[in-house]
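Residues in the sequence shown are numbered from 1 upward in steps of one, following the UniProt record's numbering. In this text, a Cβ means the ideal position worked out from N, Cα and C, and glycines have one as well. Note that the structure is a prediction, hence the values are computed from the model and not measured. Reviewing the structure listed below.
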Amino acid sequence: MINIGLDLRINTDLKFEYGNDTFGPSPELRHLNDIRKSLLDQSASGPDTVYSIAMDVGRNKDLVDLKNRMLLFGAVVYNKGQIGREPVRSQGHIHAISSSCGSSTPEVYEIWSGEAVVMMQPNASNNPKECFAVHAQPGDVVIVPPSWAHCTINSRPETELAFGAWCIRDFGFEYKDIRKHHGLAFYPIVAKNQLGWLPNLTYRDTYLIEKKARKYEDFNIESRIPIYKQYEDDHDKFDFVTNPDEYKNKWFNYRP
Numbered sequence: 001m002i003n004i005g006l007d008l009r010i011n012t013d014l015k016f017e018y019g020n021d022t023f024g025p026s027p028e029l030r031h032l033n034d035i036r037k038s039l040l041d042q043s044a045s046g047p048d049t050v051y052s053i054a055m056d057v058g059r060n061k062d063l064v065d066l067k068n069r070m071l072l073f074g075a076v077v078y079n080k081g082q083i084g085r086e087p088v089r090s091q092g093h094i095h096a097i098s099s100s101c102g103s104s105t106p107e108v109y110e111i112w113s114g115e116a117v118v119m120m121q122p123n124a125s126n127n128p129k130e131c132f133a134v135h136a137q138p139g140d141v142v143i144v145p146p147s148w149a150h151c152t153i154n155s156r157p158e159t160e161l162a163f164g165a166w167c168i169r170d171f172g173f174e175y176k177d178i179r180k181h182h183g184l185a186f187y188p189i190v191a192k193n194q195l196g197w198l199p200n201l202t203y204r205d206t207y208l209i210e211k212k213a214r215k216y217e218d219f220n221i222e223s224r225i226p227i228y229k230q231y232e233d234d235h236d237k238f239d240f241v242t243n244p245d246e247y248k249n250k251w252f253n254y255r256p
């Protein structure tokens, strides 16, 4: 696992251990039955624990500032394996409108180990048009903008996937439209040790753009420096996460 800027370790049972200067909760587990409504095959078998997630992780010295900013750091580890023909993944969601800022909010991912695809589309209506599959490796950052539907996929099923993420402290999720369509616009399919895509026919006129994670100089994100360390060096750097309406120019015609 890359240097993540925190004294945090992941056990083999998808649990987290925190160092003396680091706070964090016992993780919440997400089970296969929790995500079935978004699967290609809703009766598929796979690992019972899909992933574990610890929301609100950080250094003890930063807790007051993080709370004042409504900023929250999460740690996530995905199980290895497959769910039927699909790799282990989340069901997908849209960030709900947060009461603290009055809008949907973005999320900043940083891959720690394994490989991921962050699947995202501008909405979960019948016709989201452009959809993106962003391939990310350890050290890569991926930003999901406000109001976009998205899910995270473990694109190397033979190993676990671990990542961290900045989000707003009063986060909430909307699932209705995604569940109505039984997932996002494309399903990830594992075939001959490669990841492919199967269109979700409940959507119309969609197309998929596959790409590698890009650099985010437009957000002043520095490459190969842990995003938690970047927050420590500049506490204002991730204000676009908690006050997205003040950064509307960054979301207009956004390209992952």
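Nearest residue (CA-CA) to residue i, options the options
i	options	result
F23	R59, Y254 and V118	R59
N12	C167, N79, K215 and D218	The question names Asn, but residue 12 is Thr in the sequence shown. Taking only the C-alpha atoms, the option nearest T12 is N79.
K229	D218, F132 and K61	K61
residue 259	W197, T49, R179 and D233	No statement about residue 259 is possible, as the shown extent of the chain runs from 1 to 256 and does not include it.
H235	E130, I35 and F73	F73
S45	G81, L29, I227 and P128	G81
K212	P47, Q137, Y175 and A191	Q137
F219	A191, S43 and K248	K248
S155	E210, P256, D170 and I10	E210
Distance CB(residue i)-CB(residue j) smaller than 8 Å
i	j	result
P25	V117	no
I111	S103	no
E86	L161	no
H93	F186	no
P145	V241	no
A133	D177	no
L39	C131	no
K129	D65	no
Reduced DSSP category for residue i - H, G, I as helix; E, B as strand; rest coil
i	result
S38	helix
F238	coil
I178	helix
N79	coil
F171	coil
N127	coil
N33	helix
N220	coil
N154	strand
P244	helix
Delimiting residues of the alpha helix (DSSP H) encompassing residue i
i	result
W251	K248 to W251
Y228	I227 to D233
residue 304	There is simply no residue 304 to check, as the chain begins at 1 and stops at 256 in what is shown.
Own chain, CB closer than 6 Å to residue i, minus 5 neighbours either side, in chain order
i	result
G139	I2 and R224
S90	C151 and T152
L29	T49 and S52
Residue i - containing beta strand (DSSP E), residue span
i	result
R9	L8 to I10
V118	A116 to Q121
H52	Checking the displayed sequence, the identity of residue 52 turns out to be Ser instead of His. Note, S52: beta strand (DSSP E), T49 to M55.
H93	Element bounds for H93: n/a, residue is neither H nor E.
Close Cβ partners of residue i (< 7 Å) along its chain, the five nearest in sequence each way excluded
i	result
G5	P226, Y228 and K229
K215	S223
H181	A124, N200, T202 and Y203
E158	K80
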